[in-house]
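Single-structure report; data block below.
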Amino acid sequence: MMEQLFQIIHHRNVLLSERVNKEIPLPRPSAYDDIHICDELRVTNGEIYGAIFDVVMQHIFQRSISITTDYEKAVHNVTKKKLPIATVHDCFFHFKQCLWRQIKTLGLQKLFVDDRQVRWCLKTYACLALISEPSVIDEFQKITNFVDYYKGNFIGRQVRNQRRRAPRFPIAMWNCISRLDQQLPRTNNSNEGWHRAIHPGE
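Residue numbers 1 to 202, in this note's numbering, belong to the letters of the sequence shown in order.
Set out below in C-alpha cells:
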C-alpha cells in the first residue's frame with residue numbers, strides 16, 4: 001500500500017516537473033511540488049490516511065503547506081494531528097457537488113434544470129464561497145432573513161408536531177393558480193390606473 005502510494009507521488013511529481021519545465025521556465029521548478037492521492041486507492045479510513053501522511057511528510061521540504069480535500073473528515077482530522085501548520089481548503093467543485101446532491105435529495109432537480117429563476121436562487125448558496133470570509137455569515141443572514149419574512153407572512157412558521165402557525169396572509173388569499181385557471185386578473189393594476197386617472201393629484 002505505502003509502496004504503491006510512493007510510486008504515485010513520485011510519478012505525479014515527475015509529470016508536474018516536466019510540465020512546469022516546458023510551460024513555465026523558472027529557475028527552481030522543484031518548488032512547485034504537487035502530491036495527489038488518486039481515487040483508485042479507495043482511501044476512507046482515518047488510520048490509513050495517517051499512514052499516508054507519514055509517507056508524504058518524508059518528501060515535503062517547504063514550510064508553507066496547502067492541502068485541498070474533497071470533504072473527507074478523515075483527512076481534516078489527520079491533517080490537524082500530522083500537519084498542524086498546513087492550511088486546509090475544501091474543493092469548490094465538491095462543495096457544489098454537496099449542494100447538488102441535496103437538491104436531488106429534496107426532489108428539486110427537475111425544477112433546478114427547467115426553471116432559470118429557481119436555478120439562480122439555489123446557486124446563490126454556492127456563491128457564498130466566492131466572497132470574503134468575514135462577509136459570509138452576514139450575506140447568508142440576508143438570505144435567511146428573507147426566508148424568515150416569507151414564512152411569517154405567507155407560509156407560517158413551523159411549530160411542534162410538523163404544524164405551522166397561521167401566516168399573516170393565508171395561502172388562499174395570495175395564491176394565483178385558481179385565477180389563472182379561470183382566466184381572471186392576478187392584479188388590481190387596472191383599478192389602480194383608473195384611480196390615478198380620476199385623482200391625478202394623489
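Backbone N, C-alpha and C define an ideal beta-carbon position, used for all residues, glycine too. On a predicted model such as this, the values are computed, not experimentally measured, just so you know.
Note on the stretch 82-167: whole alpha helix (DSSP H) runs with a minimum of 4 residues are 92-105, 109-114, 116-127, 133-150, in chain order. The alpha-carbon of arginine 179 is positioned some 13 Å away from that of isoleucine 171.
In the DSSP annotation of this structure, the continuous segment of the beta strand (DSSP E) that includes isoleucine 67 starts and ends at 66-69. Lysine 82 and aspartate 54 have their C-alpha atoms spaced approximately 8 Å apart. Look at arginine 186 here: in three-state DSSP terms it is coil, with no helix or strand label. Taking a C-beta distance under 8 Å as the contact criterion, histidine 94 and tyrosine 71 qualify as a contact pair. Contact between the stretch 88-108 and the stretch 124-139 is established, with three or more Cβ pairs separated by less than 8 Å.
Inclusion of asparagine 153 and arginine 168 in the CB contact set at 8 Å is warranted, their separation being smaller than that value. Its chain contains Phe112 as the residues whose beta carbon lies nearer than 6 Å to that of arginine 119, once the 5 sequence neighbours on both sides are disregarded; these appear in chain order. Short of 8 Å from the beta carbon of isoleucine 65, and not among the five residues preceding or following it, lie these beta carbons of its own chain, in chain order: Leu83, Ile85, Ala86, Thr87.
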